[in-house]
Every structure is written in structure tokens, then in C-alpha cells.
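So for the sequence shown, this note's numbering puts the first residue at 985; every next one is plus one.
We put the beta carbon where it would ideally sit given N, CA and C, even for glycine.
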Amino acid sequence: MTAANGYAPRRTLPLKVEIVRQFKRRRTLVMFGLLMALPWILVVAFQFGPQASGDRQTSLRISDLASASGLNFGAFVLSVSANFLLVVAVALFCGDTVASEASWSSLRYLLAAPVPRDRLLRQKLIVALGYSATAIICLPLMALVAGTLAFGWHDIQVPGTGETIAALDVLPRFGIVIGYALVSQLVVAALAFLISTATDSPLGAVGGAVGLWIVSTILQAVEALGSLREFLPTFWNTAWLDALAPELDWSGMIKGASVSVTYAAILIAIAFRRFRKKDVVS
């Protein structure tokens, strides 16, 4: 059987079309609106909330040092959002992308266009990862802007030790922090994407990924598991704090990145393998 004149698989479902389609969806606008608003909400909470008593130098928790400078505030916002809000955002973008097409009964029409299955998954995964990365980058950057305007541009105080690092010296490390946050969320993205290819319920795909992440977080707290906890994707989730230490320590971030990339590669490979053989009837 020969292909129809003018048909080229590589031209089906262009990235630009998928990017625009996903951007126009309400959940995309709502999620980005929430991420952009969160730092300002926290600024208001710090400005109008009761001030902590005692010398800030002796308050070494990251929350106590949040109002010390814009850099401290940016680190605080990332720390409180990395374990849930960013997880939900990534799961939403990656878990909703294929399952929503199935729920609308448009998936089989896309495949009948015909869009090759591998290309359909690849295009949707690229766009979903792009929106996820944008969300992860925008939150700490907006936090830096909000924190600097509210608390000034000062040297950062290191949580736990109270040591001070010059702002210009630590600013490049925020690139490492954001980069590690991107890598650590790959597991959530891959897991949500895998579930999305196996169900026609977007809520089920998003909730399943978030739920399994919560289970991993709970297991991480079980000390009886010993060194086995290091293989959990959530164990290294806060390793980015080592980038803000007086002496930059890469060991935790390297281990965490290795675990995250390994899980993500396996889960994405399973997603493609399953979808190639799936009987799409919805």
C-alpha cells in the first residue's frame, strides 16, 4: 500500500500546533497563574504576619531566614513548593496530555489522520516537558523578583549554619538549583506520562502520579529501610540545598540525578512500548 500524495509522517502534529493547543487550555493558564501568584502571596504573608522574635542569626531554619534577602526568599519558595506544588504542575502537564485526547474521543481520530504513534507520543511528551520546565523555572525566578523587591538584594544566609555568602557569588548557583529541580521532576513527568497512555481519565493519570510520589515520600521516612531509601526518587529531592552551602557539594545531586534519569528513561520506554500495541477504541 502506497501513501497518499503529499503525506509525510514527519509533518503530522507539528510542535507549534500542539504548543498552541495546550497553551489555550484552561488548566495551563490556571496553573501558571497560581505559580506566578504564589511568591507574592508568601511576601504578603511575611509582611503582615507576626515577626519572629529573637536574633535572626540564631534562627537557622530556611523559613526563618526567608525574609533575610531576595535570595533567601527564592530558596524558601522552592523548598516549600518542590515536594507538592511543582509535582502537581508537572503531573498535570504530562499526565493530562494523552489521557485528555482519549477522554474527548479524539485520540483515535489523531491516529487515523494518520499520525504515527511514536510521533504522537514524542510530540506530546516534548510539549508537556516544555511546559513543565517553564513552570519549574518561572516559580523560583518570580520568587527572586518578589523577594528582592520586598526584602532587598542582600547576601544570602545559609540555612543550618547561618554563614553568609556574597549575593553575586551565590547567584550562579541558583542556575544549578533550578537545573537540579528540573532533573528531579523527570520521574513525576515520566510516571504521569506512562499512566496517561494507559487510561482515558486525565484526573486518574495526574492523581496516580502524585499519589505514587506521596507514597515514595512516606517510605522515605521509614528508617528501617536503611540504604534502600536512596533508591526512592524522593530521597534526593532536597539535594539542591548543597548548591547553596559555603562549599558546593555535588555528590547528593549527582546521585539524585542518576536515580531520576534512570527511572524516567525506563518509564518513558515502557510508555512507548505499551502504546505501540494498545488497541485505541476511545
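State the start and end residues of the unbroken alpha helix (DSSP H) segment that holds residue i.
| i | result |
| --- | --- |
| Leu-1178 | 1170-1182 |
| Ala-1249 | 1235-1261 |
| Ser-1084 | 1069-1087 |
| Ala-1059 | 1054-1065 |
Measure the alpha-carbon distance for residue i versus residue j and round it to whole angstroms.
| i | j | result |
| --- | --- | --- |
| Val-1111 | Ile-1121 | 15 angstroms |
| Gly-1236 | Ser-1090 | 44 angstroms |
| Ala-1193 | Leu-1044 | 33 angstroms |
| Ala-1066 | Ala-1223 | 12 angstroms |
| Leu-1175 | Val-1001 | 25 angstroms |
| Ser-1168 | Leu-1123 | 15 angstroms |
| Phe-1007 | Gly-1114 | 11 angstroms |
| Ser-1087 | Ser-1200 | 28 angstroms |
| Phe-1177 | Ala-1249 | 12 angstroms |
| Ile-1162 | Val-1245 | 16 angstroms |
| Ala-1253 | Tyr-1247 | 10 angstroms |
| Ala-1208 | Pro-1100 | 47 angstroms |
| Glu-1085 | Lys-1108 | 11 angstroms |
| Arg-1103 | Cys-1078 | 16 angstroms |
| Gly-1191 | Val-1028 | 30 angstroms |
| Gly-1144 | Ala-1083 | 43 angstroms |
| Asn-1221 | Leu-1013 | 26 angstroms |
| Glu-1231 | Ala-1241 | 19 angstroms |
| His-1138 | Ala-1127 | 15 angstroms |
| Gly-1210 | Ile-1202 | 14 angstroms |
| Leu-1019 | Gly-1195 | 21 angstroms |
| Leu-1049 | Gly-1146 | 9 angstroms |
| Ile-1197 | Asp-1153 | For the sequence presented, residue 1197 should be read as Trp rather than Ile. Rounded to whole angstroms, Trp-1197 to Asp-1153 spans 34 angstroms at the Cα level. |
| Pro-998 | Val-1004 | 10 angstroms |
| Val-1206 | Arg-1213 | 8 angstroms |
| Asp-1233 | Leu-1155 | 16 angstroms |
| Ala-1173 | Phe-1158 | 22 angstroms |
| Trp-1024 | Leu-1225 | 23 angstroms |
Could you give the DSSP three-state label for residue i: helix, strand or coil?
| i | result |
| --- | --- |
| Thr-1148 | strand |
| Ile-1160 | helix |
| Ile-1140 | strand |
| Leu-997 | coil |
| Glu-1286 | Residue 1286 lies beyond the range of the chain shown here (985 to 1266); nothing can be said about it. |
| Ile-1046 | coil |
| Arg-1101 | helix |
| Arg-1005 | helix |
| Leu-1187 | helix |
| Phe-1030 | helix |
| Phe-1135 | helix |
| Trp-1224 | helix |
| Glu-1231 | coil |
| Ala-1127 | helix |
Can you check whether the CB of residue j is closer than 8 angstroms to the CB of residue i?
| i | j | result |
| --- | --- | --- |
| Asp-1080 | Ala-1189 | yes |
| Phe-1060 | Ile-1046 | yes |
| Ala-1227 | Val-1142 | no |
| Ser-1116 | Val-1171 | no |
| Leu-1062 | Ala-1165 | yes |
| Ala-1134 | Gln-1031 | yes |
| Ala-1255 | Leu-1069 | no |
| Ala-1151 | Ile-1140 | yes |
| Gln-1204 | Phe-1219 | yes |
| Leu-1076 | Arg-1011 | yes |
Taking residue i and residue j to be in contact with their CB atoms under 8 angstroms, please state how far apart those CB atoms are, rounded to whole angstroms.
| i | j | result |
| --- | --- | --- |
| Thr-1132 | Gly-1017 | So it is not a contact: roughly 21 angstroms between Cβ atoms. |
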